[in-house]
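*Asks:* Protein chains in written order, with my numbering: chain A, 1 to 103; chain B, 104 to 206; chain C, 207 to 309; chain D, 310 to 412.
So that we are looking at the same thing, I have put the structure below in structure tokens.
4 protein chains.
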Amino acid sequence: MKEQVIAELHVVPLGTETASLSHYVAACLNVLKEAEDITYRLTAMGTIVQGPLDRILELAREMHEVPFTMGVKRVATTIYIDDRRDKLISIEGKIKAVLDKNP
Amino acid sequence: MKEQVIAELHVVPLGTETASLSHYVAACLNVLKEAEDITYRLTAMGTIVQGPLDRILELAREMHEVPFTMGVKRVATTIYIDDRRDKLISIEGKIKAVLDKNP
Amino acid sequence: MKEQVIAELHVVPLGTETASLSHYVAACLNVLKEAEDITYRLTAMGTIVQGPLDRILELAREMHEVPFTMGVKRVATTIYIDDRRDKLISIEGKIKAVLDKNP
Amino acid sequence: MKEQVIAELHVVPLGTETASLSHYVAACLNVLKEAEDITYRLTAMGTIVQGPLDRILELAREMHEVPFTMGVKRVATTIYIDDRRDKLISIEGKIKAVLDKNP
């Protein structure tokens, strides 16, 4: 299996008229829905993705562009990468490792 | 209902002998399990909590202390707060708002 | 000397009509200017502070409140803490430790 | 002038025996020193860079790789991007905008 990382992505539009940002998040999500080579989970604070690092950076780059196409003038994007190379990691595996120790 | 914020907490021990950190995360989780006034969700990258801001800061402070009690010498903790005051927000509500727009 | 941590604070107002946020940052800075027991450095991306952890959390909490008093409805605040207990750390000391190894 | 973003990069090696990380940071810094098309500032918490977004992602990717070449098994990297397109921004310009309002 190809090496995978887990990353968390936050794409935050700034200077929007309203404090409601969910339609921007929904539009960014399309980038991940169309990507067949990665796994993602939407959370209340961002999106967690699993896949090859270069691919994730490419997708984060695309998601970052989405609010600009919707008229936003400034976007703050955070890409937080967890890259472990002594064993294969997965979104479910990381959660299970914690819950096994604290059910 | 009392005003609530949603926050994401990462408590990362540094200088641990192993790259495996799940037993530290499991120990930190006890702080949240014992707190009756907040809601939490474990994710692959951290923990998302919902509750009054001051209470969340207090719990984050306690969680930050846990790895030190386990012998760790350095801890990097991130507290990321989303505080919206024009409407009540919740962990499930934020996810639903996105999925309603992009099912 | 009392134990100190170094932390980075980002207070980001959301839903602010304009993409210019510097007047909010300037107002938040007052909280730190008036605090005599901590050291701070303004950067292009946030503020780096040095001081006792509980005091820093208290000040971050105050800074987080500032944009709300200016009419903002939603604020995203990040508190990133580096707490090392095997030696004293300082803002200047951390930078020097890197530059000593890579002048 | 070509459009530029400002970003903050944290490359944090995990599972490193010692809590001292400055020699890793020093090694990562070489990637930026050799890059002629970007500007950077070392801070106590990371590195702030200014340049074209694609170039910054490329350099962050290179920096992320450095601790692995030094024997580290797990690296947590954060890339925090501030991309404003209604006016040119710079590291010094952003700081000045705040200090002009709060000298």
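Just so it is clear, CB atoms sit at the ideal spot from N, CA and C, and this is done for glycine as well.
1) Would you say Ala232(C) and Ile285(C) are within 9 Å of each other, going by their C-beta atoms?
2) Name, please, each residue of chain D whose Cβ falls closer than 7 Å to the Cβ of Tyr80(A).
3) At a cut-off of 8 Å, is Ser296(C) close to the ligand MN when judged by its beta-carbon and the heavy atoms of the ligand?
4) Where do the N-terminal and C-terminal ends of the alpha helix (DSSP H) with Glu92(A) fall, by residue?
5) Tell me whether Pro206(B) is buried or exposed, calling it buried when 16 or more other Cβ atoms sit within 10 Å of its Cβ.
6) Helix, strand or coil for Ile262(C) per DSSP?
7) Please return the same chain residues whose Cβ sits closer than 7 Å to the Cβ of Glu268(C), not counting the five positions on each side in sequence.
8) Under three-state DSSP, which class holds Arg394(D)?
9) Would you check if the distance between the CB atom of Thr146(B) and the CB atom of Gln153(B) is smaller than 9 Å?
10) Reducing DSSP to helix, strand and coil, say where Val114(B) ends up.
11) Measuring CB to CB, does Ala391(D) end up less than 9 Å from Ala35(A)?
12) Going by DSSP in three states, Leu330(D) sits in which element: helix, strand or coil?
13) Bridge partners for Gln50(A) per DSSP, in chain order?
14) I need the straight-line Cα distance from Leu21(A) to Lys33(A), nearest angstrom please.
15) In the structure shown, what three-state DSSP assignment does Val340(D) receive?
16) Could you tell me the distance, in whole angstroms, from the CA atom of Leu137(A) to the CA atom of Lys197(B)?
17) At 7 Å on the CB atoms, spell out the chain A contacts of Lys397(D), in chain order.
18) Which bits of chain A does Ala225(C) rub up against, with CB to CB less than 7 Å?
19) Mind listing the chain A neighbours of Val128(B)? Cutoff is C-beta to C-beta under 7 Å, in chain order.
20) Note down, in chain order, all residues in the segment 351 to 385 of chain D with a beta-carbon under 7 Å from any beta-carbon belonging to chain C.
*Replies:* A quick look at the data gives this:
1) Translated into the one-based positions of the third sequence, residue 232(C) becomes position 26. Translated into the one-based positions of the third sequence, residue 285(C) becomes position 79. Contact flag unset, no.
2) Within the first sequence, residue 80(A) is the residue found at index 80, counting from 1. Per Cβ cutoff of 7 Å: Thr387.
3) No copy of the ligand MN appears in this structure; indeed no ligand is present at all.
4) One-based indexing of the first sequence puts residue 92(A) at position 92. Per DSSP, Glu92(A) belongs to the alpha helix (DSSP H) from Ile91 to Lys101.
5) Walking along the second sequence from the start, residue 206(B) turns up at place 103. It counts as exposed.
6) Your numbering for residue 262(C) matches position 56 in the third sequence. Here Ile262(C) sits in helix by DSSP.
7) Position 62 of the third sequence holds residue 268(C). Closer than 7 Å at the Cβ level, and outside the excluded window around Glu268(C), lie Val237.
8) Against the fourth sequence, residue 394(D) aligns to sequence position 85. Three-state result, Arg394(D): coil.
9) Indexing the second sequence from 1 puts residue 146(B) at position 43. Indexing the second sequence from 1 puts residue 153(B) at position 50. Their beta carbons are not under 9 Å apart, which means Thr146(B) does not touch Gln153(B) by this criterion.
10) Looking up residue 114(B) in the second sequence gives position 11. Of the three classes helix, strand and coil, the one that applies to Val114(B) here is strand, per DSSP.
11) As a working note, residue 391(D) is residue 82 in the fourth sequence. As a working note, residue 35(A) is residue 35 in the first sequence. Sequence check: residue 391(D) is Asp here, not Ala. Contact flag unset, no.
12) Indexing the fourth sequence from 1 puts residue 330(D) at position 21. Coil at Leu330(D), not helix or strand.
13) Here residue 50(A) corresponds to residue number 50 of the first sequence, with the count starting at 1. In the DSSP assignment, the residues bridged to Gln50(A) are Ile6(A) and Thr39(A).
14) For the purposes of this step, residue 21(A) is identified with residue 21 of the first sequence, where counting begins at 1. For the purposes of this step, residue 33(A) is identified with residue 33 of the first sequence, where counting begins at 1. Taking the straight line joining both Cα atoms gives about 19 Å.
15) Walking along the fourth sequence from the start, residue 340(D) turns up at place 31. Of the three classes helix, strand and coil, the one that applies to Val340(D) here is helix, per DSSP.
16) Nothing can be reported for residue 137(A): it is not among the residues displayed for chain A, which extend from 1 to 103.
17) Here the question's residue 397(D) lines up with position 88 in the fourth sequence. Note that residue 397(D) is Leu in the sequence shown, not Lys. Per Cβ cutoff of 7 Å: no residues; Leu397(D) is ~12 Å from chain A at best.
18) Position 19 of the third sequence, counted from the start, is the residue given in the question as residue 225(C). What Ala225(C) touches in chain A: Leu14, Gly15, Lys73 and Arg74.
19) Along the second sequence, one-based indexing puts residue 128(B) at 25. By Cβ distance, chain A contributes Val98.
20) Near chain C, meaning a CB-to-CB distance below 7 Å, the residues of the segment 351 to 385 of chain D are Leu351, Thr352, Ala353, Met354 and Ile357.
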